[in-house]
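Respectively, the protein sequence lines represent chains P and R. Count the first sequence with the working numbering and you get residues 99 to 411, in order. Count the second sequence with the working numbering and you get residues 99 to 411, in order. Where a beta carbon is used, it is the ideal one built from N, C-alpha and C, also for glycine. Working notes, beginning with the structure itself.
There are 2 protein chains.
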Amino acid sequence: MDYVIGLDGGGTKTEALAIDLSGAELGTWTGGPGNPHAVTFATASTELGRLLATVKDALPGRRCLAVCAGLAGVDTAEERSTMERYLTQTLTGSAYEGVSLLIKNDAEIALKAALGSSKGIIAIAGTGSIIYAFDSEGNKYRAGGWGHLLGDQGSGYDIGLSVLQTVMKSYDGVLPATVLTEAVLQKHGIRDAAELRGIVYRPGVQKAQIAEHAELAVRAAAAGDMLARQIIVRSAEDLADLVVALRNRHSGLDRLKIGAAGSIFAHCTLFYDTFRVNVSQEDDLSDVVLSGRRSSAGAADYARELAASQGVK
Amino acid sequence: MDYVIGLDGGGTKTEALAIDLSGAELGTWTGGPGNPHAVTFATASTELGRLLATVKDALPGRRCLAVCAGLAGVDTAEERSTMERYLTQTLTGSAYEGVSLLIKNDAEIALKAALGSSKGIIAIAGTGSIIYAFDSEGNKYRAGGWGHLLGDQGSGYDIGLSVLQTVMKSYDGVLPATVLTEAVLQKHGIRDAAELRGIVYRPGVQKAQIAEHAELAVRAAAAGDMLARQIIVRSAEDLADLVVALRNRHSGLDRLKIGAAGSIFAHCTLFYDTFRVNVSQEDDLSDVVLSGRRSSAGAADYARELAASQGVK
């Protein structure tokens, strides 16, 4: 039984998904970082090679026909060909030697997973956020994604930081009472919001730990808390603004469908609906599609298409 | 000729100002950090002792009657008495042994410098920001000052970060063109705003380096740039909101005068006026006083009062 592999490589881990030629899932595996800028091209290649070997071992007696790796940090043609060179070298002498290899960007596989197409707009809202668009001519455009200081509107970090600042403004009496306060105090096991200083400014606190507070906003908003709703709405509007601006700047992006990927879209209807309403043209909400699939599934789709285009060997 | 000394101790440096009993300035000197939490109580005491020795050497043949140290990080009665104990010990055996010593908070001396009183509200807007109020009964209240993540509205960091985010939003087409872009590119010697990533996320970038961009907003606002004006106005409004909320929460703060200290107040009329209008009651702008004096002058005033209350020895 032949199969293909889709890899979704990020800065801390890579997910591998194997599917057979009918698209049925054979399993998923997790390996080390696949973003060459988070580690190095050599390290990323080694990690991907190790993960592929794990998949091979788990599926004995089967033949892998193609691999597609969608990697964060691989944006330019040069980065793609460098990555391809490193990975080909890593796989030389392994069971994957000679297997068709396709290197994509993580946004491309997210788009494929969401829309089943290589054409469209993808809004990704995780710890950070970014918008990518790919037009019919294969051109790529971006908006946002400048990181936690320069701006990643609609991200978990953005929302989480707003939660913390809202709690302090409520503490100071600038904003009214909010259930966010109790939620934040409980999360950290503290009794007074002023104690947050000792938590947030502790050395080594990561962006992801700030982003964790987004979850509290999602829950409080669902429970009707006004300030939590405002945080979610503003954040989704800011993300939508990036899409609208990107479309205004480049003709040809106008009628493209928009995929929405990331847990905030999936877990917060208020966020998703606000985003949809703000990006939709002529009140046609069908332009936006919530991605129900993992990015690795998009990569696996590309690998399956590659195998099919070459005919079964 | 007798004199007294005022010390303004912060996290990185301490300023000493010596005045004679008529209030005439004899000189200023700079020493190491005086905030016991930025270093330790022992280190802060050593640094203050060293600075006082420098003043002594520079004013030979004169007698020091009193010292007042206004120190950041010395907020509670316990911290004050600990600091007093350490400093007294440090000065034992020195020329300052037996000289009257007064430990104050940095906000108290800023208030004294601005209003000439120990009663009032002081809004401090530097790299960070904070509001303190001292009522007629000697009670102390605060609002804001939670730091760059939790919130320091109206601070240089707040404004500087807004400058950077505004430039990126303008780059993405979410906001219109602004002269801030050219100002930021020039400051860093880069040609494209996307290159800011390589600057802002460089390891070791400090809050003060983000705050430096506030100056660009002040200049651009003065030149009429709409987005720069919005940044300044929003920031001043947010700071004023803290004052209004503090007053609403505590009776007795209503008719207190407000001192405004920090370079943004001094160098940006738009900021100062926006703040004044937003905190003023019944359109009486005379409640707000721009501090034209250094905090060390407030400490020196306290030292002079202390010397006077004890009579010339």
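- Counting only the Cα atoms, P/Leu200 lies some 8 Å from P/Gly168.
- Residues of chain P with a Cβ closer than 7 Å to the Cβ of R/Gln263 are, in chain order, Leu248, Gly249.
- Secondary structure at R/Asp250: coil, using DSSP grouped into helix, strand and coil.
- Between the beta-carbon of P/Val137 and that of P/Ala405 there is about 29 Å, and that puts the pair past the 8 Å contact cut.
- The region 208-221 of chain P makes contact with the region 355-368 of chain P: 3 or more CB pairs, one atom from each, lie closer than 8 Å.
- A contact between stretches requires three or more CB pairs, one per stretch, nearer than 8 Å, and the region 367-376 of chain R meets this requirement with the region 316-331 of chain R.
- Taking C-beta separations shorter than 6 Å and ignoring five residues to either side along the sequence, the partners of P/Ala309 in its chain run Thr225, Gly254, Tyr255, Gly258, following chain order.
- Within a 10 Å sphere around the beta-carbon of P/Arg345 sit 16 or more other beta-carbons, which makes this residue buried.
- Taken in chain order, the members of the region 342-368 of chain R whose beta-carbon sits within less than 9 Å of a beta-carbon on chain P are Val342, Ala343, Leu344, Asn346, Arg347.
- Within 8 Å of the CB of R/Val298, the CB atoms of chain P belong to Gly245, Leu247, Leu248, in sequence order along the chain.
- Runs of the alpha helix (DSSP H) lying entirely within the region 287-319 of chain P, each at least 4 residues long, are 294-298, 305-309 in chain order.
- Per DSSP, reduced to three states, the secondary structure at R/Asn203 is strand.
- Relative to the Cα of P/Cys366, the nearest Cα in the group P/Ala315, P/Gly191, P/Lys202, P/Thr128 belongs to P/Ala315.
- Scanning P/Met324, P/Arg347, P/Ile219, P/Gly322 for the CA closest to the CA of R/Pro274 turns up P/Arg347.
- Spatial neighbours of R/Ala321 in its own chain (CB-CB distance under 7 Å, excluding positions within 5 residues in sequence) are listed in chain order as Val277.
- Between P/Ala231 and P/Glu182, the alpha-carbon positions lie close to 23 Å from each other.
- The Cβ neighbour count for R/Val303, taken over all protein chains shown within 10 Å, is under 16; the residue is labelled exposed.
- A straight line joining the alpha-carbon of R/Leu146 with that of R/Asn203 spans about 15 Å.
- At least one beta carbon of chain P lies nearer than 8 Å to the beta carbon of R/Ala241.
- With 16 or more other CB atoms across the displayed protein chains lying within 10 angstroms of its CB, P/Pro134 is buried.
- Taken atom to atom, the span from the alpha-carbon of R/Gly409 to that of R/Ser216 is near 21 Å.
- For the pair R/Asn237 and R/Ala292, the Cα-to-Cα distance works out to about 49 Å.
- Each of P/Gly249, P/Leu248, P/Ile207 was checked against the Cα of P/Val172, and the nearest Cα belongs to P/Ile207.
- In summary, the residues of the region 271-291 of chain P whose CB is separated from some CB of chain R by less than 7 Å are Gly271, Val272, in the order they occur in the chain.
- The secondary-structure analysis by DSSP pairs R/Arg240 across a beta bridge with R/Tyr230.
- If the five residues before and after R/Ala343 are omitted, its C-beta is found closer than 7 Å to the C-beta atoms of Ala241, all from its own chain and listed in chain order.
- At a cut-off of 8 Å between beta-carbon atoms, P/Leu115 makes no contact with chain R.
- By the neighbour-count criterion, in which 16 or more other beta carbons inside 10 Å mark a residue as buried, R/Ser393 falls on the buried side.
- Per the DSSP secondary-structure output, P/Gly218 pairs in a beta bridge with P/Phe232.
- The beta-carbon of R/Arg295 is placed less than 8 Å from the nearest beta-carbon of chain P.
- Straight-line measurement puts the Cα of P/Gly107 at about 17 Å from the Cα of P/Gly243.
- In the displayed model, R/Arg161 falls within a strand according to three-state DSSP.
- Within the same chain, Ala231, Leu354, Ile356 come within 6 Å of P/Ile219 by CB-CB distance, once the 5 residues on both sides are set aside.
- Rounded to whole angstroms, the separation of the alpha carbons of P/Thr174 and R/Ala170 is 49 Å.
- Judged by DSSP secondary structure, R/Gly147 falls within the alpha helix (DSSP H) whose first and last residues are 139-156.
- Membership of R/Asp106 in the beta strand (DSSP E) is indicated by the continuous run 100-107.
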